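What follows is a short report on a single structure.
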Amino acid sequence: MAHQPEGGGGGGGSGAVPEFTPAAEEEEVPPPPGEGGEEEIPPAAEVDCISLRPREERWIILRSLSLKSLLRMAMASKGWFDSVRIPGLFDAKHSIRSAHDVRREMDKLNRGGRGDRIIRFALDIEKVEVSPNDFAFFLDYAADGNAECIRVVVKALPGSPAFSLSFQRSSQRLVRLWLEGVRVTEARHPTLEVIRIQSTNLDDDGLREMIRWCPRLRCLDLRGCNGITRVDVTNASVHLMRLTVVECPLVTEINASTAPRLCSFRYSGCNLTSLALSAASSFWDLYICFTKCRIPLDFGNWLNALPNLSNLTVLTISNTALRMVSILHKDEENTVVAKLSYLQSLRELQLLMFGMKTDSLSGVYEFFRISRCSKLRKLFVQLPKGGHDSCVDAVKMLNDDPPEDGFENLEMVKITNFKWHCNEIDLVHFLFSNASFLRKLVLVTSQGEVGEADLKLLGNPPKNAMISVLGRRIGERAAVGMALGSDGNGDGWSREKRRRVEEQGYRTAAAIPAVRFSALPIDLRQRILRLLPIKDAIRTAALDQGWRDIWKSRWHPTSSRDIHLLPGDNPNEVLDSLERGPRLRLDRFSLVVESEKLRPTHLNHFLAYAAECRVEDLHVERRHGKHQFGSTLFFHFPLSSPCLVHLSLRGIGISNMYQVDRPLSALEVIHLHSVRICELTFRNLMAMCPRLRTLDLRWCNCKGLFRGAQALAPPAGENLRSITVVECQGEVRLDVVAMPSLRSFCYSGNYGESPFFLPKDAAPVDLYICCGDPIFRPFTLFPNYFDEGLPQDLSRLTVLTICSNALKVASTWLNNGATAHWTSLCNLHSLRELQLLMFGMDANNLADIYVFLKASYCPSLERVFVQLPAISAVPLENLLEDVGVEPPEDGLGNLRMVKVMNFNWRCFEVLLVSFLLRKARSLHKLLLVSPNVTLLNVPGVPEADLLVIKNAMDNGRLMLSGSAAAATKPFHSEVFIDF
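Start counting the sequence shown at 1; every next residue gets the next number (UniProt numbering).
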């Protein structure tokens, strides 16, 4: 058996993989804004009446929420926080240690009644015989309560029957599952997001089926599964963010090559020979531990599979892996070690040392020399419990000298199982000599007495550094720190410490006066927000009523700078004023140019100033006419800020980029308006933005941009969630690349000249299609053009905006029975909102609406918005024309709200309104925005339809208004064509 290091007095030195935490501990409810006695509510919080609601009403609301919403609701106010924190309100925890416990817990559940809402269900069975029927009784109770988090731990006696969990009888809301010692059968659950399987004989087929039928899987944790030989998570790659494989002795291959969102990977074992990770992923947490000291033949595979580690913040690595890195680094022809050469974001490092000989110490120094961890703040070293100090190894010389820099920010070091051996003391000397700002050194040792002579062996510590020597007993002294990658249950430290802190906090809460956020001075709150990134500053609006709009004032006057050069303004004067001022951190920088005196050199100086201020939101605009492409001024990405998150360019060109200089690792949103950009520059731009989520192109020259398979090259193509293309020139082909994360697509333009093609595997949530000009392609080509441009599966679509031109194409084929070509539009079961952009409203248009509603069958439709033209082009002789299509009989049972814009009491407009009033049985409100707010007699409309409208006006279901209500807007409130 491989030698394993043991923790000795704190989680920081533990060599085990971090313990998986269930939802009860992983998503801790944040502390309330204030606790203590009653006090007068500040004026800013007087409008917040949430806490004044009766507790019973709050419970009814909370029982209808999901686990995530429940935890977020606790941040609304102190009253909601107290309601969420009531013990046992949403949790059901059962611990069975004897046969008497089985009967007692079952009687308790029978008395309480079944079917009550349960958020978290936990069942612990330890060394006691429980019949399979009794075990099934507990699981059925959790299923009846629709538990979202289930934790089942079974430590059975030898010879006891094996327990299994079947998903056929499980909760319909199950999100998190933790099984230990329990088999899994028929793992089919589409709502599961977090799975941990431990000490279970799960085989490859069972794992493959589990991943296949869990499409929302975000976290997969496998520990001690002796039947698995291959971990292939390609079927769960769309959402997978965390993957952990620990002590599965037969696992030789791990394949996560198509998981672009993977940010945490942890492996501990000894037989891994093949590792495949996505090059588009960006890790912030990496744990690599090879438990055997022998070096495999293909030991460079794991290092070659690692993606870009520039964003890595936490790293745990064993000395066996360090030895592999050292061997590869000596081979000058091998370049895979370069991935470890620039860990500029690393904040915490944990070394798992199975031995501390001179070769191991040399491997540590070699790693420090390669990685250049200039921002490293915490270092944890886990030494083996046993071993002795070898005289031969003590006099053995190091291969190379230790590094002399890279530890300027190191503040805390913790070494566990410190035995005062020669190489261990040398490591401390090295840290003392290089970490000049070291504040604390913690040594966890098993030695009984530590005297002055022992401390003198460590040498002279840096100025203001404190040395703490801890024993192995828990109660002797408190641990100083704990590594993020350490075992959460190591010797009971974390649970014991959390219990003591909570008890102490509850005892002293009444003595500490409550300090509400709203009571802080406005300037103090603004100073706090200026130190935060934009996203975190906006999130503070949920803390308290007084913080709701504070983040908006954060941009004025010091956190934002807006420069507007009017015609005749001299750019040199503005640049001189900027040069004289300090380079303070800016959230937003906006440059709007109307002056003809601005030259490219001036623009470069403005961009350099924004980069020096580490701008997160940058807007550059040149106004020189409507929809003209910038040709004289160019934006240079090498001059951009490294913290740039949001980029907006309008009327300005982008300089050609023939190679990728440095990645824009923080850039998430790009807006281009009236910009000319070539294909090569666009391709390089996408390669430079690994975190790009939103791409917005409006009135741009996009010819050739989306034609090649490498246009949206990974990682940008795999992380994009929203794409908007408005009135751009050129074909938009996105079907040649995989875009599993695409959730929003907006298109507006001339489809005949600039068609779009979406990936077949995309699963959009909202879709906007507006073809401003009629489509004149022959109808025989429509299935190959229009329908082929849509994804195969639109079952997750919740919001759809479609124009009358596109509706005509779809209804023509659906009415002719060509549903085989339009299967995507026949499966809109999740559609909640539909917006119709009607360029005309004649008999054919109304027939198109009927055919679409009849073929698509939207049983979940709740809101309908209809945009009618302001001026009708229907001749009077066509007002009596027959529609020719029977309206649908069902499918609008859940429709609650309808809003019709530009309603002018024309014949077919009235027929549409009467149809909605008759078929929408659950309709609460139908709003007509019309210049005429009185009921008119419309020629050609039957009296029965007018009577339906009159009755709806009398009972309040139908309302007429002369202007649009600002509170009732569609999801796609921005319409790119004038009506």
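We put the CB at the ideal spot given by N, CA and C, even for glycine.
These figures come from a predicted structure and were not determined experimentally.
Item                                                                                                                                                                                            : Value
Are ASP848 and LYS808 close, meaning C-beta to C-beta below 7 angstroms?                                                                                                                        : yes
Quick one: is GLY269 buried, meaning 16 or more other Cβ sit within 10 Å of its Cβ, or exposed?                                                                                                 : buried
Short check: CB of LEU383 to CB of VAL413, under 7 angstroms?                                                                                                                                   : no
Could you give the C-beta distance for SER341 and ILE370, rounded to a whole number, given that I count them as a contact under 8 angstroms?                                                    : 6 angstroms
Three or more C-beta pairs under 8 angstroms: does that hold for the region 221-234 against the region 251-262?                                                                                 : yes
Using a Cβ distance threshold of 8 angstroms, determine whether the region 937-948 contacts the region 725-736, with at least three qualifying pairs required.                                  : no
Within its chain, find whatever has a CB closer than 8 angstroms to the CB of VAL948; leave out the 5 residues flanking it on each side and keep chain order.                                   : SER914, LEU917, ARG918
For PHE163, which residues from the same chain have a beta carbon less than 6 angstroms from its beta carbon, with the 5 sequence-adjacent residues on both sides left out?                     : PHE135, VAL154, VAL182
Output the distance between the C-alpha atoms of ILE871 and SER811, rounded to the nearest integer angstrom.                                                                                    : 24 angstroms
Can you list, in chain order, the residues of its chain whose CB lies under 7 angstroms from that of VAL130, leaving out five sequence neighbours each side?                                    : ILE96, VAL102
Could you tell me the boundaries of the alpha helix (DSSP H) in which LYS854 lies?                                                                                                              : 843-856
Helix, strand or coil for GLU39 per DSSP?                                                                                                                                                       : Per-residue confidence for GLU39 stands at a pLDDT of 40, beneath the threshold of 50, marking its modelled position as unreliable; the derived number appears in the next sentence. DSSP places GLU39 in coil when its eight states are reduced to three.
Give me the DSSP bridge partner(s) of HIS671.                                                                                                                                                   : SER648, ASP696
Smallest Cα separation from LEU692: which of VAL675, LEU680, GLU679, ALA666?                                                                                                                    : ALA666
Okay, do the region 562-569 and the region 520-538 touch, 3+ Cβ pairs below 8 angstroms being the bar?                                                                                          : no
Going by the beta-carbon positions, is the gap between ALA122 and ARG151 smaller than 7 angstroms?                                                                                              : yes
Does ARG72 come out as helix, strand or coil in the three-state DSSP assignment?                                                                                                                : helix
With DSSP run on the structure shown, which of helix, strand or coil describes LEU607?                                                                                                          : helix
Go ahead and pull the three-state DSSP assignment for GLY471.                                                                                                                                   : coil
In chain order, what residues of the same chain lie with their CB nearer than 6 angstroms to the CB of SER436, ignoring the 5 residues before and after it?                                     : PRO462
The alpha helix (DSSP H) spanning HIS429 covers which residue range?                                                                                                                            : 422-434
Compare the Cα-Cα distances from THR724 to each of LEU697, ARG921, LYS375 and report the closest residue.                                                                                       : LEU697
Straight-line CA distance for ARG832 to LEU598?                                                                                                                                                 : 49 angstroms
With three or more C-beta pairs closer than 8 angstroms as the rule, is the region 585-595 touching the region 611-618?                                                                         : yes
Could you round the C-beta distance between ASN902 and VAL929 to whole angstroms and report it? I think they count as a contact, below 8 angstroms.                                             : 7 angstroms
Would you call the CB atoms of ASP221 and ARG196 closer than 7 angstroms?                                                                                                                       : yes
Hey, would you say THR694 sits closer than 7 angstroms to VAL669, going by beta carbons?                                                                                                        : yes
Please determine, among GLN867, LEU800, CYS263, ARG266, the residue with the shortest C-alpha to C-alpha distance to SER856.                                                                    : LEU800
On the DSSP bridge assignment, give the partners of ILE150 in chain order.                                                                                                                      : PHE121, LEU177
By DSSP, does GLN526 sit in helix, in strand, or in coil?                                                                                                                                       : helix
Mapping DSSP to helix, strand and coil, what is ALA256?                                                                                                                                         : strand
Using DSSP bridges, identify the partner residues of ASP773.                                                                                                                                    : Answer is none; ASP773 lacks a bridge partner.
Could you say if the region 361-379 and the region 319-334 meet the contact criterion of at least three C-beta pairs nearer than 8 angstroms?                                                   : yes
In the DSSP assignment, find the unbroken alpha helix (DSSP H) run with MET412 in it and report its ends.                                                                                       : Note, MET412: premise wrong, no alpha helix (DSSP H); beta strand (DSSP E) at 412-416.
Give every residue of the same chain whose Cβ lies closer than 6 angstroms to the Cβ of PHE606, excluding the five residues on either side of it in the sequence, and list them in chain order. : LEU591
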